[in-house]
Amino acid sequence: MCAQMYYRGKMFGFVHLYNGQEAVSTGFIKLLKKEDSVVSTYRDHVHALSKGVPARAVMSELFGKTTGCCRGQGGSMHMFSKEHNLLGGFAFIGEGIPVATGAAFTSKYRREVLKEADCDHVTLAFFGDGTCNNGQFFECLNMAALWKLPIVFVVENNLWAIGMSHLRATSDPQIYKKGPAFGMPGIHVNGMDVLKVRAVAQTAIARARSGEGPTLVECETYRFRGHSLADPDELRDPAEKAHYAARDPITALKKYLIENNLATEVELKAIDKKIEEVVEDAVEFADESPHPTRSQLLENVFADPKGFGIGPDGRYRCEDPKFTEGTAQV
Amino acid sequence: MAAIFHGVGAATALSPSPSHSVDSKKFQLAPSRSLSARKGRIAVVRSDSSVNLSLNSRGRKDHLWIPNAVATKTDDSAASTASKSGHEILLFEALREGLEEEMDRDPHVCVMGEDVGHYGGSYKVTKGLAEKFGDLRVLDTPIAENSFTGMGIGAAMTGLRPVVEGMNMGFLLLAFNQISNNCGMLHYTSGGQFTIPVVIRGPGGVGRQLGAEHSQRLESYFQSIPGIQMVACSTPYNAKGLMKAAIRSENPVILFEHVLLYNLKERIPDEDYICNLEEAEMVRPGEHVTILTYSRMRYHVMQAAKTLVNKGYDPEVIDIRSLKPFDLYTIGNSVKKTHRVLIVEECMRTGGIGASLTAAINENFHDYLDAPIVCLSSQDVPTPYAGTLEEWTVVQPAQIVTAVEQLCQ
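If you read the protein sequences in the order shown, they are chains A and B.
Sequential numbering of the first sequence, starting at 9, is according to the working numbering.
Sequential numbering of the second sequence, starting at 850, is according to the working numbering.
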């Protein structure tokens, strides 16, 4: 639906779709409490939805309307939700990992310094294979293991960083091995199977919650579409794509449910229909929502808007009634 | 009490007064009001007559910073007796006092940086804090500026109020990613959902033959980042006040300290006070020329002012303190009075704070200027190691005197 809306001109810029990787997001995030935090990258629509951000808010944000989760100021790559503890959506890869480390640090600080004994919030940091060659990744692995922070580093290894194959970019392509080098367990899991991911996630999150420290989980997964909607995706071998398409996590789960008599075809069709309705409703809501007004431009730059300073007339600029109309001088 | 008047009261002194009607072209100085405002400010600043610079003991010739030795116009006996109380303190101790008081006041305030804990900070600003508050509140980080600054930002988003120390401001270039993308922008990109009440501080500026990379002035690099505030402290009084205000502020604040100013001594009030983050400080009122400066250059300017007074000039010296945003009110009032502006800064010529300030003054107060604004900045060179070369890189008092003489012709 996102792609359709993009090609119809409802949204612009860089949009990165998560098709094929759903098992990772669902497997991990559905195990979290509301107070646990999630930090993601630009491929964050599904992380937002899994964490509980309403579909309407996400779609409005993509359309750039005021009713979006970030009031239209973030966009596809910057989904934030304080209510659901989604700490973003970061455009530069690796940028979110220190932020996730910080959130985990707060959890530990709360427990040990502020003496909130029941604070066992866990943070999940999602990032890709390309990020695993970035300095911030290694620096944070070190700090998290050093201070035993309650964090799980989840690598969504989809083998491609835009057009750069993981094997061409990394000296040792087995990412999970980098965990023990820093003193934390490194686990590899089949990221196309949601139940396997969930099992691993359970151990990792329990480990973090009990205060034993971080874990590095490498999920072998694949994205069915290009890196973003602007990517022609010509470089990847069709055989590779077919191989992973056969392992589509959603169809695999469907097969599993039906074979084990956990759900019937009819029930699953009903769920499908319901999801379609939710999506249609979200698109309609986003379409009808208003665009941001001019006055929104200068709001929220500073938490304390006195940061715009004292103007030539002696008053704080933010007190000038013309300030948010954009006519006052800044 | 004069001290309170300086910090908090100054904000009320800035509230609009009838003489500043917007549509009157001729600015009329309301002498009684502004003079009393200045009086209050001077009282606190001037009362520190006992400035003792232990750096002098090294016997170097040209570093005779005597900040307030310049003869001032008004005499306030009342104010000076009132501030005989208070305690003498060095600048780094003032920073520590401010930090400690804020950490006592709010358990969410924490410090992170390299060698801030057990070592006490490489300039002793955090000495003793780790013993008092514990290793988690005063966190010794590994040498990973980008990541621990990011960690500070993540902690700030989730409820803490970290103070991130760069051992030298130059090291924060490694954290530029986090400071620019996350620190400044996340409040806006999240639609106002997350606040980042982080304070990033550290010593910068040209020191004593520290070499090019340890002598960087990062204020010029950071000034474009939307969403952050920048302040520069220059005396123990404003160091403590700005540190406290920065910690209490909900905005991300970068506090620039200067390596050579850490041993300045001053008498500061005992009671709690903060300095307004967006305000400039009137150091010496005058009539002939406005000299805008900040951080270490304040002392070069005051030394030059001494010479200028002997030559019959009357410079008005303002320590702008707030590097982003500029306090255009104080600066504007001064420009409207003197009609000549000299900016003395330690930044490099290209793209420095002086360049932005020149543009801002030209835009807003063009009609009031009798002469083009002169900006004295450091040379556009990497700071050399050799002492003589280093001296010529930064602005020296003699150059300031010459510039004022030329400007006032």
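Even glycine gets a Cβ: it sits at the ideal position worked out from N, Cα and C.
Counting only Cβ-Cβ distances below 8 Å, residue 1165 (chain B) has no contacts in chain A at all, with the closest Cβ about 17 Å away.
Here residue 1070 (chain B) carries a helix assignment [DSSP, helix/strand/coil]. Put simply, of B:1174, B:1156, B:1236, B:1219 the residue whose alpha carbon is nearest the alpha carbon of residue 1247 (chain B) is B:1156. Shown here, residue 324 (chain A) sits in a strand according to DSSP, grouped into three states. Within its own chain, the residues whose Cβ lies closer than 7 Å to the Cβ of residue 1087 (chain B), once the five positions on either side in sequence are excluded, are 1124, 1130, 1170, listed in chain order. Under the Cβ criterion of 8 Å, residue 1139 (chain B) is not counted among the residues facing chain A. Between residue 1002 (chain B) and residue 1117 (chain B), the C-beta spacing is not below 8 Å. For residue 1202 (chain B), the uninterrupted alpha helix (DSSP H) run begins and ends at 1202 to 1214, by DSSP. Within the stretch 1202 to 1224 of chain B, contact with chain A at the beta-carbon level (separation under 9 Å) is assigned to 1212, 1213, 1214. The C-alpha of residue 270 (chain A) lies about 38 Å from the C-alpha of residue 83 (chain A). Interface residue (Cβ-Cβ distance to chain A less than 8 Å): residue 1183 (chain B) is not classified as such. Per DSSP, residue 133 (chain A) is one residue of the beta strand (DSSP E) stretching across 131 to 136. Closer than 8 Å to the CB of residue 95 (chain A) there is at least one CB belonging to chain B. In this structure, the beta-carbon distance from residue 1176 (chain B) to residue 258 (chain A) does not fall below 8 Å.
Annotation for residue 1199 (chain B): 1229 place their beta carbon closer than 7 Å to its own, counting only its chain and skipping 5 residues before and after. CA-to-CA, the gap between residue 228 (chain A) and residue 42 (chain A) works out to about 27 Å.
If you draw a 10 Å sphere on the C-beta of residue 81 (chain A), you find 16 or more other C-beta atoms in it, and that means buried. When DSSP reads this structure, residue 1078 (chain B) sits in a beta bridge with B:1102.
With fewer than 16 other Cβ atoms inside 10 Å of its own Cβ, residue 279 (chain A) counts as exposed. Proximity to residue 1220 (chain B) across B:1257, B:1244, B:934 peaks at B:1257, based on C-alpha coordinates.
By the neighbour-count criterion, in which a residue is buried when 16 or more other Cβ atoms sit within 10 angstroms of its Cβ, residue 330 (chain A) is exposed. Within the same chain, and ignoring the five residues on either side of residue 47 (chain A) in sequence, the residues whose Cβ sits closer than 6 Å to its Cβ are 95, 104, 107, 108, 133. Using a 10 angstroms sphere on the CB of residue 189 (chain A), the tally of other CB atoms stays under 16, which defines it as exposed.
Partner residues in a beta bridge of residue 213 (chain A), as assigned by DSSP, do not exist. As computed with DSSP, residue 227 (chain A) is found in a beta bridge with A:164, A:197.
Around residue 936 (chain B), the same chain offers 1116, 1117, 1119 as residues with beta carbons nearer than 8 Å, after the five sequence neighbours per side are excluded.
Residues of chain A whose Cβ lies closer than 7 Å to the Cβ of residue 986 (chain B) are, in chain order, 121. Contact holds between the stretch 189 to 199 of chain A and the stretch 228 to 237 of chain A, because three or more Cβ pairs, one in each stretch, are under 8 Å apart. Residue environment analysis places residue 1136 (chain B) among the exposed positions, since fewer than 16 neighbouring C-beta atoms fall within 10 angstroms of its C-beta. DSSP, reduced to helix, strand and coil, places residue 1257 (chain B) outside both helices and strands of the structure shown, so it counts as coil. Just so you know, the alpha carbons of residue 955 (chain B) and residue 1102 (chain B) end up roughly 18 Å apart.
Residue 1146 (chain B) is not bridged by DSSP to any residue. When DSSP reads this structure, residue 1115 (chain B) sits in a beta bridge with B:938.
In the structure shown, residue 23 (chain A) falls within a coil segment according to DSSP collapsed to helix, strand and coil. If you check each beta-carbon in the stretch 1167 to 1200 of chain B against every beta-carbon of chain A, the ones closer than 9 Å belong to 1171, 1173, 1174, 1175, 1176, 1177, 1178, 1179, 1180, 1181, 1182. Closest option to residue 983 (chain B), judged by alpha-carbon separation, among B:1244, B:1048, B:967, B:1046: B:967.
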